[in-house]
Amino acid sequence: MMAGIATRILLVLSLAVSVLIAVGMRFLGEDLFVALCAGRDVIAGNLAQPDSWSFTTAGAVWVNQGWLSHLIYYLSYASLGDLGPVLLKVMLLAACLVVLYFRCRGLGVSQEICLLSLTIGTLSAAPFLQIRAENFGLLYFVLLTGLLTAPRSWGQSRFVASALVVLLWANSHGSFVLGLALIGLKLLVQLLFHSGILSESAVPGREEERHRDGLNEVMAWGLTLVASVLLAGFVNPYGPANLLIPYRQLFAKSVTGLSADWLPLFQWRAFSEQFLFHPLDVRPFLLTLLLLAVLAVALLGTALIRRPSGPLFAWIEGRDKAELVMEILIPLVLVPACFKFRRIVLFAGISTVPLLALLIQSLVFAAAGSARREPGTGVRRGPQVVSLIASCAWFLVLASVLYRTTVVPYLPGNPTRPDRPLVSQLMSFDSFPMGIVRFMQKNGIEGRIFTSWVVSDFLLFHVPRVRVFMDCRDQSAYPDDVIRTFFSILSTRGRGQGAGDRAIRLLDRYGVSAVVLETKPRDIGLATLLMASRKWACVYMDGRLFLLVRTDDDRFEASLKAGRLPPLWYPDDRTRILSAAFLSYFMTGAIPPRTRDDLKRVLLERPDAESYGLIYLSGLGPEGCLNHSTRRYLLSEVRRLSKKAGTETPNGTKVIESLIRIVELLQRDQRLCSRGPPPIAYGELRKLLEKRLQRLKKTYLGYSL
0 MMAGIATRIL
10 LVLSLAVSVL
20 IAVGMRFLGE
30 DLFVALCAGR
40 DVIAGNLAQP
50 DSWSFTTAGA
60 VWVNQGWLSH
70 LIYYLSYASL
80 GDLGPVLLKV
90 MLLAACLVVL
100 YFRCRGLGVS
110 QEICLLSLTI
120 GTLSAAPFLQ
130 IRAENFGLLY
140 FVLLTGLLTA
150 PRSWGQSRFV
160 ASALVVLLWA
170 NSHGSFVLGL
180 ALIGLKLLVQ
190 LLFHSGILSE
200 SAVPGREEER
210 HRDGLNEVMA
220 WGLTLVASVL
230 LAGFVNPYGP
240 ANLLIPYRQL
250 FAKSVTGLSA
260 DWLPLFQWRA
270 FSEQFLFHPL
280 DVRPFLLTLL
290 LLAVLAVALL
300 GTALIRRPSG
310 PLFAWIEGRD
320 KAELVMEILI
330 PLVLVPACFK
340 FRRIVLFAGI
350 STVPLLALLI
360 QSLVFAAAGS
370 ARREPGTGVR
380 RGPQVVSLIA
390 SCAWFLVLAS
400 VLYRTTVVPY
410 LPGNPTRPDR
420 PLVSQLMSFD
430 SFPMGIVRFM
440 QKNGIEGRIF
450 TSWVVSDFLL
460 FHVPRVRVFM
470 DCRDQSAYPD
480 DVIRTFFSIL
490 STRGRGQGAG
500 DRAIRLLDRY
510 GVSAVVLETK
520 PRDIGLATLL
530 MASRKWACVY
540 MDGRLFLLVR
550 TDDDRFEASL
560 KAGRLPPLWY
570 PDDRTRILSA
580 AFLSYFMTGA
590 IPPRTRDDLK
600 RVLLERPDAE
610 SYGLIYLSGL
620 GPEGCLNHST
630 RRYLLSEVRR
640 LSKKAGTETP
650 NGTKVIESLI
660 RIVELLQRDQ
670 RLCSRGPPPI
680 AYGELRKLLE
690 KRLQRLKKTY
700 LGYSL
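End of the sequence shown = 704 in numbering that gives the first Met the number 0, gap-free, step of one.
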């Protein structure tokens, strides 16, 4: 008795651990910022109005299928700050698990196996559980599949409730088309049973009644499908267009081919470079599929040896075969779709829970060779002890996974992230500096801006008076030509001077007044090209983001042409110094001595790879070799930074990234000018530093990219 209670407690704790892994999964918050912006628009009365976020949509109406969930997310954020969206994620996941638990119990599955199945399903879906409107879609998916597999004794409530779920779903997330497809699948199954293609056990003498009941089921589900389509197409702020947008999102390759969660299931490179249970990791789901296959084969083998028993076989022998077929078909239909779009793993992983519970329960009965025993009938102690030991081992494994994948990244000593409150990290693990928000607000920088895909909605939410070229709404809001133009501008680096000139002409054609780019490799190439043209100048740089303005802007022209910062407000002295250094070098070809000294001073406090690159460029002589003072400075920085590489927090990775950049620059100088250590020495040091950086990122981020 005590062993059974202990087993149940351990399984409850294991489920709690899987929920913590799911809640702590590390994601950027770009889709959440879309939700917050859209929710704010709903409050302001701008629902289904011409788009005001972008200057390339030509005022077209954005069909926001998630307007209801976006409103709820915004209200939660407005009320509780960062905690609001995090709590919503927890509550929606908990609601899904509660529904699935009672659904499994209704199938005759024991509490212990229900808990185990819920844990496995949660783990398989966890890497895809972001904070976005899709969470509401997942809850409606669980509710609808519960109705589609409910017994006929539920009566007409199944049909009315299914249509109402689709109605809410169609106003909360574009995945509602999955619900329509599942209702259509249910109708098809009922037709097959009614036509006799699939047979159903019948009570002798009641064939006519069974035939009439079957016909009623077919008609009722047909009407439910028609009603659901009409509700989804007309009971929403956008009318029939609401039905068409999901298909554009699925088949517009211009974006789905670039977004990580829209890629196919198998990406072999990611398997070797990333840990188990990193964001968008498909391996937990694949392991769940493997487990299902093994259980099915084992159960089939035992059925061939002895007379089968357990809830699965009891159900097969009963009348509700249509419900059993639906229970099996739902995951079978979703799994192939995952191989095309890995994002569907979120739904497919959760859909396996009831089938997994049935298979495990039936295999337990089959292995025991006896029917289910009621409490108090003398269950042997041996199996209970084995279950307790297995549950304890299972809990310890999950606890170690929780510590490695969730606890470690959020520890205060994490050197890979800025120091932010835990709740803020749970809402969006990465975060852009708020300094640029204050800079743009206080200096009145607004209007048309070109910014990278991830930054766009962050700025739209915090600086609502800007208008972006494109943002994370992608193909649901933007025509294909705008999307192609956006990525062609962003990917200008390495494509020659002609590509750079074309990017500048496109920015001119669209009347862009400011450019905000990250210091990441893809963005930095465009930023460098723009600054080198001297048609754009850097007025803000904080180590993470550049803000460039036109040099012919009446407001800034006089200062910029002289290589000086305009009289603008800056959030701190460091940002002002970095901005002045980049502005003066790219506008005049040199950094004033005082600015150079200030730059070296702020780098003592917080190193920055791009700033070291700037110092290198400013220290090149006529023959392309470093002058003596700049080379000596860079060598001294190698010695200084090597002493604290990977240990300083926060921003510890900045130290190693800066070291790698300096070593790369010194290696280039040595190769061109034949002085100092041989190139191989710099190369070996660089490889050593890159390996250390990869280890840090794998430990604290779960990936090494």
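Note that beta-carbon positions come from the ideal geometry of N, C-alpha and C, so glycine has one too.
| Asked | Found |
| --- | --- |
| Just to check my reading of the structure: residue 30 and residue 471 have Cβ atoms closer than 8 Å, yes? What is that Cβ distance to the nearest angstrom? | 6 Å |
| Helix, strand or coil, according to DSSP, for residue 689 in the structure here? | helix |
| My output table needs one value for residue 537: the three-state DSSP class, helix, strand or coil. | strand |
| Would you check if the distance between the CB atom of residue 115 and the CB atom of residue 147 is smaller than 9 Å? | no |
| Quick check on residue 13: buried or exposed, where buried means 16 or more other Cβ atoms within 10 Å of its Cβ? | buried |
| Report the rounded CA-to-CA distance for residue 376 versus residue 92, giving the unit in angstroms. | Residue confidence for residue 376 is low, a pLDDT of 43 falling below 50, so the modelled location carries little weight and cannot support an answer. |
| Do you know whose CA, among 242, 500, 34, lies nearest residue 83's CA? | 34 |
| Specify the secondary structure class of residue 513 as computed by DSSP and reduced to three states. | strand |
| How far does the beta strand (DSSP E) with residue 11 in it reach, from first residue to last? | Note, residue 11: premise wrong, no beta strand (DSSP E); alpha helix (DSSP H) at 1-22. |
| Taking the alpha carbon of residue 632 as the point to measure from, which residue in 145, 612, 362 has its own alpha carbon closest? | 612 |
| DSSP state of residue 353, grouped into three classes? | helix |
| For the beta strand (DSSP E) containing residue 549, list its first residue and its last residue. | 544-549 |
| My output table needs one value for residue 581: the three-state DSSP class, helix, strand or coil. | helix |
| Take every Cβ of the segment 651-671, pair it with every Cβ of the segment 620-639, and state whether three or more of those distances are shorter than 8 Å. | yes |
| Measure from the alpha carbon of residue 441 to the alpha carbon of each residue in 448, 461, 244, then state which is nearest. | 461 |
| Counting pairs of beta carbons, one from the segment 236-247 and one from the segment 210-217, are three or more of them closer than 8 Å? | no |
| If we count the other Cβ atoms within 10 Å of its Cβ and call it buried at 16 or more, is residue 568 buried or exposed? | exposed |
| For the beta strand (DSSP E) containing residue 446, name the first residue and the last one. | 446-450 |
| Counting Cβ pairs, one atom from each stretch, are 3 or more of them under 8 Å apart for the segment 328-338 and the segment 387-398? | no |
| Check each candidate in 175, 149, 122 and name the one with the smallest Cα separation from residue 138. | 175 |
| Going straight from the alpha carbon of residue 657 to that of residue 644, what length do you get? | 10 Å |
| So for residue 282, helix, strand or coil by DSSP? | helix |
| Rounded C-beta distance between residue 392 and residue 56? I'm assuming under 8 Å. | So it is not a contact: roughly 55 Å between Cβ atoms. |
| Just to check my reading of the structure: residue 260 and residue 157 have Cβ atoms closer than 8 Å, yes? What is that Cβ distance to the nearest angstrom? | Not a contact, Cβ separation roughly 32 Å. |
| To the nearest angstrom, how far is the alpha carbon of residue 672 from that of residue 547? | 34 Å |
| Taking the alpha helix (DSSP H) that residue 466 falls in, what are its first and last residues? | No alpha helix (DSSP H) holds residue 466; the beta strand (DSSP E) holding it covers 465-467. |
| I'd like to know whether the C-beta atoms of residue 469 and residue 455 end up nearer to each other than 9 Å. | yes |
| Would you report the Cα separation of residue 77 and residue 68, rounded to the nearest angstrom? | 14 Å |
| Just checking, does the segment 549-568 make contact with the segment 612-626 on the three C-beta pairs under 8 Å criterion? | no |
| Just the C-alpha distance for residue 583 and residue 28, rounded to the nearest angstrom, thanks. | 34 Å |
| Helix, strand or coil for residue 378, going by three-state DSSP, please let me know. | Note that residue 378 has pLDDT 45, beneath the 50 cutoff, so the model's placement of it is unreliable and the number below is only indicative. Three-state DSSP puts residue 378 in coil, outside helix and strand. |
| Relative to the C-alpha of residue 434, which candidate in 485, 61, 413, 574 has its C-alpha closest? | 574 |
| Evaluate residue 153 with the Cβ neighbour count: other Cβ atoms within 10 Å of its Cβ, from every protein chain shown; 16 or more gives buried, anything less gives exposed. | exposed |
| How is the alpha helix (DSSP H) around residue 520 delimited, first residue to last? | 520-532 |
| State the DSSP-derived secondary structure class of residue 406, mapped to helix, strand or coil. | helix |
| Just the C-alpha distance for residue 15 and residue 263, rounded to the nearest angstrom, thanks. | 30 Å |
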